[in-house]
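Sequence positions in the sequence shown follow the working numbering and run 999 to 1310.
Note that the Cβ used here is the ideal one computed from N, Cα and C, for glycine as well.
What follows is a set of notes on a single structure, which appears directly below.
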Amino acid sequence: MVMRVFVAGGTGVLGRRLVPQLVARGHRVTATTTSATKLGLLEQMGAEAVVMDGLDAASVGEAVAKARPEVIVHQMTAISTAHAGKPDMKHMDRWFAGTNRLRTEGTDHLLAAAEASGTTHFVAQGYAAWNGIREGGWVKTEQDPVDPMRGTPAEPGMRALGHVEDVVVKAGGAVLRYGWFYGPGATDDLVEPVRKRQFPVVGGGAGHCSWVHLDDAASATVLAVEQRARGVFNIVDDEPAPAVEWLPHLAACAGAKRPMRVPTWLARPLAGEVAVTMMTEGRGFSNAKAKRELGWKLRHPSWRQGFKEELA
């Protein structure tokens, strides 16, 4: 069934892979950007392009009212270097400040606009990479809470993600907890510090992480839109893995030297609490529910092959 789909955040790394997939499936897509210079990019992808400020209720209300979508897809973030500067896990509260507002205020504005314009379904971006609750096994399902990371610079971000899940699920929508993205536009930020040997294995590197290729994340999103999915889904690949496995493999695929090993006590003041937690205690996620309920099939079932293909 052809639908009118409104993609908030159409020029982000995932938006750029999602919009063409929706268009290819025959949907009528309106996609937003914060910059008039990117309108042409969205039009090239086959979307109706709109400039929108996700933190301005009037701007959001106007854009949604004009598009009259049946489904809204919330992919707004502000973590690109243009918006947030260089990635900085040590000061994650500052690095993610804009994104946290988009996940709280921005989500509320979109939900209010959805209600006002009679939009019947809502799909939003969540996160499930290394942030599973740090107890029990290494791999978590949707039944498990995410780690609130209390007392760390990641706490405001986890609280914002919790807000997305609370309000979207309550509104009958779906939250897709994406793993750590890699793929076009996302891999360079990851590989650059690895090549410079600025991304060491901390401690024993036992902390687990879940990955997802952007094209697989986009295809799962299309399924959630078309099936009017409800609830929370982990959108990750088949192989959650410890840092001691994925990081050396990424370095090898990138033609970089093997990552250094740094003891926890040394990494803490240098890289910060969040990076140490991720590398030593992080919990990955299972994709069984998304495969079972959405019929999701991955083109890149493992980061092992995916990193190799992206960096070939």
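Notebook entry, point to check: If you check the beta carbons only, do Arg1026 and Val1049 fall under 9 Å apart?
Noted result: no
Next item on the list: Would you give the residue range spanned by the alpha helix (DSSP H) that Glu1113 belongs to?
Entry: 1105–1115
Margin query: On the DSSP bridge list, what partners appear for His1119?
Written below: Val1069
Next item on the list: Mark Leu962 as exposed unless 16 or more other C-beta atoms lie within 10 angstroms of its C-beta, in which case mark it buried.
Entry: What is shown of the chain runs 999 to 1310, which leaves residue 962 out entirely.
Check: Helix, strand or coil: how does DSSP classify Lys1331 here?
Finding: Since the first residue of the chain shown is 999 and the last is 1310, residue 1331 is not available in this structure.
Check: What separation, rounded to the nearest whole angstrom, lies between the Cα atoms of Ile1077 and Pro1182?
Finding: 16 Å
Check: Are three or more beta carbon pairs between the segment 1275–1284 and the segment 1197–1206 nearer than 8 Å?
Finding: yes
Next item on the list: Note the first and the last residue of the continuous alpha helix (DSSP H) segment covering Leu1245.
Entry: 1241–1251
Notebook entry, point to check: By the 10 Å Cβ neighbour count, where 16 or more other Cβ atoms means buried, how is Glu1140 classified, buried or exposed?
Noted result: buried
Notebook entry, point to check: Which first and last residues belong to the alpha helix (DSSP H) in which Trp1301 is found?
Noted result: 1301–1308
Check: So Val1062 and Leu1109 are in contact, right, with Cβ under 8 Å, and what is the actual spacing, rounded?
Finding: About 10 Å; that fails the 8 Å criterion.
Check: Would you report the Cα separation of Glu1046 and Thr1028, rounded to the nearest angstrom?
Finding: 5 Å
Next item on the list: Report the residue ranges of all beta strand (DSSP E) runs contained in full by the segment 1145–1207; include only those spanning at least 3 residues, in chain order.
Entry: 1172–1176, 1178–1180
Item checked: Alpha-carbon spacing of Ala1122 relative to Lys1084, whole angstroms -> 25 Å
Next item on the list: State the Cα-Cα distance for the pair Trp1024 and Gly1270, rounded to the nearest angstrom.
Entry: For clarity, residue 1024 is Gly in the given sequence; the question names Trp instead. Each residue's Cα considered, the two are about 46 Å apart.
Next item on the list: Using alpha carbons as the reference points, say which of Ala1172, Val1189, Phe1094, Arg1099 lies closest to Lys1287.
Entry: Ala1172
Margin query: Is the separation between the beta-carbon of Arg1256 and that of Pro1246 shorter than 9 Å?
Written below: yes
Item checked: Span of the alpha helix (DSSP H) around Glu949 -> Not covered by the structure: residue 949. The range shown for the chain is 999 to 1310.
Check: Around the Cβ of Arg1101, are there at least 16 other Cβ atoms within 10 angstroms (buried) or fewer (exposed)?
Finding: buried
Notebook entry, point to check: When burial is assigned at 16 or more other CB atoms within 10 Å of the CB, is Arg1015 buried or exposed?
Noted result: buried
Margin query: Could you check whether Met1074 and Thr1150 sit closer than 9 Å to each other, using their CB atoms as the reference points?
Written below: no
Notebook entry, point to check: So, helix, strand or coil for Lys1138, using DSSP?
Noted result: strand
Checklist line | Nearest-angstrom beta carbon gap, Gly1124 and Val1162 [assumed within contact, 8 Å] | finding: 6 Å
Note to self: So for Thr1030, helix, strand or coil by DSSP?
What the structure shows: strand
Next item on the list: To the nearest angstrom, report how far apart Glu1237 and Met1043 are at their CA atoms.
Entry: 31 Å
Notebook entry, point to check: Touching or not, the segment 1205–1214 and the segment 1142–1160, by the rule of three or more beta carbon pairs under 8 Å?
Noted result: no
Next item on the list: Could you work out which residue in Asp1086, Val1223, Gly1096 is closest to Met999 when comparing CA atoms only?
Entry: Val1223
Next item on the list: Would you mind stating whether Ala1126 and Asn1232 have Cβ atoms separated by less than 9 Å?
Entry: yes
Check: Any idea if Lys1064 is buried or exposed, counting beta-carbon neighbours within 10 angstroms, 16 or more meaning buried?
Finding: exposed
Notebook entry, point to check: Can you give the Cα-Cα distance for Asp1214 and Asp1145, rounded to whole angstroms?
Noted result: 25 Å
Next item on the list: With a threshold of 16 other CB atoms inside 10 Å of the CB of Gly1104, please say whether the residue is buried or exposed.
Entry: buried
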